[in-house]
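Here the structure comes first, spelled out in structure tokens, and everything after it is commentary.
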Amino acid sequence: MIAVQNIASGVELLKVAELKRTYSLPRTSLWRPAAQRHALRGVSFALQAGRSLGVVGESGSGKSTLARLVMALDTPTAGSVELLGRDLHRLGSQELRAARRHFQMVFQDPYASLDPRMRVERIVAEPLAHLGRQPGSPAGREAVRARVQAALEQVGLRAQDLDKYPHEFSGGQRQRVAIARALITRPRLIVADEPVSALDVSVQAQVLNLMQDLQRELGLSYLFISHDLAVVQHLCDEVIVLHQGCIVERGTPQKLFHAPEHPYTQALVRAVPRLPGHLF
Ligand SMILES: Nc1ncnc2c1ncn2[C@@H]1O[C@H](COP(=O)(O)OP(=O)(O)OP(=O)(O)O)[C@@H](O)[C@H]1O
Ligand SMILES: [Mg+2]
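Numbering-wise, the working numbering puts 195 at position 190 of the sequence shown, and it's gapless, one number per residue.
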């Protein structure tokens, strides 16, 4: 909460207000109404440009539901997601398509999220193709190729890698390709849903360091989702703790680590391995 006050002078990039998502489960009886699952029960937070917010919580707490709603890949039952002052869920399809250049996503599993039949050039350029023609977007094959090469270099890969297929890369390199794909539209916000949990611990630190460097260089903001408090602590200015679809605690990572108030946060902190040099 302190962090929110400190950054109030910045531009408000993302504002999520009273966000709810209820799923209807398949009916199990003719006589009873379908059961409802309340995946998010009224979540509110704001994120200033250039800052990063961590979202932690155990499996089923609503993290990916939140990510999908912020990315406008799913529709809320109630509440709003404003990006730079515009409610994404009230935009027309053309406006939403154009707005997508400002927010991109990195998924958990770089083996599932990169199409094995496509070359890296096409994978990384894909968000540009979805945007359609817009002022400032590269026109023509050569311009797109140059933009892809620049994005690959930005994430520590080589420009020549654009002719390769995903299977020619390690897990960490694949996640770099996924990050290059997210960067290609020069977004303001990246929603990262467990971006390192499918990777070996030694590789996790490299990818997290890369994300941190990119944030400094490009002034990006992250909504960074993880079940592991240790993973978010170096990257995020503030963290919210989700439990059964509600925010039960929020604060700086230091505060949550050293003085967790909610019993659920205390349990999350206890679950963090205390190995010397863990991750960083
Ligand atoms: N399409 C859906 N239909 C029905 N229930 C769903 C659907 N998607 C998610 N849920 C339920 O909503 C709740 C929150 O799910 P969500 O995937 O957001 O959790 P999560 O925090 O991302 O978990 P994990 O750490 O396992 O990825 C869970 O109880 C889940 O079973
Ligand atoms: Mg999830």
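All C-beta atoms, glycine included, are put in the ideal place defined by N, C-alpha and C.
8 Å Cβ cutoff met for residue i and residue j
i, j, result
"Glu87", "Lys20", "yes"
"Ser231", "Ser202", "yes"
"Ser173", "Ala164", "Sequence inspection shows Glu at residue 173; the Ser mentioned does not correspond to that position. Cβ distance not < 8 Å, so Glu173 and Ala164 don't count as in contact."
"Val125", "Val182", "yes"
"Leu215", "Ile184", "yes"
"Gly250", "Ala44", "yes"
"Gln180", "Val153", "no"
"Arg186", "Val129", "yes"
"Thr27", "Thr70", "no"
"Pro31", "Ala39", "yes"
"Met110", "Met76", "yes"
"Ser226", "Gly55", "yes"
"Gln113", "Pro192", "no"
Cα-Cα separation between residue i and residue j, rounded to whole angstroms
i, j, result
"Gly59", "Leu35", "42 Å"
"Gly282", "Leu234", "Annotation note: pLDDT 48 at Gly282 (below 50); position unreliable, coordinate value reported separately. Each residue's Cα considered, the two are about 15 Å apart."
"Leu273", "Ala117", "28 Å"
"Pro265", "Phe108", "31 Å"
"Ala72", "Val196", "7 Å"
"Pro132", "Leu188", "9 Å"
"Arg105", "Glu147", "23 Å"
"Gln10", "Gln53", "Any reading at Gln10 must be qualified, since the residue scores a pLDDT of 34, below 50, and its modelled position is unreliable; the value itself is stated next. Cα-Cα distance, rounded: 10 Å."
"Leu74", "His263", "31 Å"
"Ala13", "Ser85", "In this prediction, Ala13 has a pLDDT of 38, which is less than 50 and means its spatial position is unreliable; what the coordinates show is noted afterwards. Those two C-alpha atoms are separated by around 20 Å."
"Arg91", "Gln99", "14 Å"
"Ser49", "Arg255", "11 Å"
"Asp218", "Glu17", "22 Å"
"Thr190", "Ser142", "8 Å"
"Leu261", "Asp205", "25 Å"
"Arg275", "Tyr269", "10 Å"
"Met6", "Thr80", "Residue confidence for Met6 is low, a pLDDT of 32 falling below 50, so the modelled location carries little weight and cannot support an answer."
"Thr33", "Arg95", "34 Å"
"Val149", "Asp166", "15 Å"
"Ala5", "Gly145", "This structure does not reach residue 5, given that the chain is present from 6 up to 285, and the question cannot be answered."
"His267", "Gln238", "18 Å"
"Ala8", "Glu63", "Here the model assigns Ala8 a pLDDT of 35, short of 50, so the residue's position is not dependable and the matter cannot be decided."
"Ser29", "Asp242", "35 Å"
For residue i, the nearest candidate out of the options (CA to CA)
i, options, result
"Ser57", "Ser64, Ile245 and Leu228", "Leu228"
"Tyr170", "Phe50, Arg127 and Leu215", "Arg127"
"Gly65", "Gln53, Val75, Arg42 and Ser85", "Arg42"
"Gly177", "Arg46, Leu225 and Leu162", "Leu162"
"Ala210", "Gln220, Gln53 and Leu240", "Leu240"
"Asp198", "Glu254, Pro115, Ser142 and Ala155", "Pro115"
"Val277", "Thr257, Gly256 and Val236", "Val236"
"Leu136", "Pro121, Gly145, Gln113 and Leu101", "Leu101"
"Gln139", "Ala103, Ala51 and Met110", "Ala103"
"Pro258", "Arg193, Leu204 and Val61", "Val61"
"Leu194", "Ser175, Gln220, Leu78 and Leu204", "Gln220"
"Lys68", "His267, Gln271 and His248", "His248"
Distance cut-off 7 Å: residue i Cβ against heavy atoms of ligand 1
i, result
"Leu24", "no"
"Leu30", "yes"
"Gly62", "yes"
"Gly65", "yes"
"His232", "yes"
"Arg37", "no"
"Ala44", "yes"
Heavy atom of ligand 2 within 7 Å of residue i beta-carbon
i, result
"Lys260", "no"
"Ser69", "yes"
"Asp198", "yes"
Residue i: CB within 7 Å of a non-hydrogen atom of ligand 4
i, result
"Ala144", "As presented, the structure is devoid of ligand 4, carrying ligand 1 and ligand 2 as its sole ligands."
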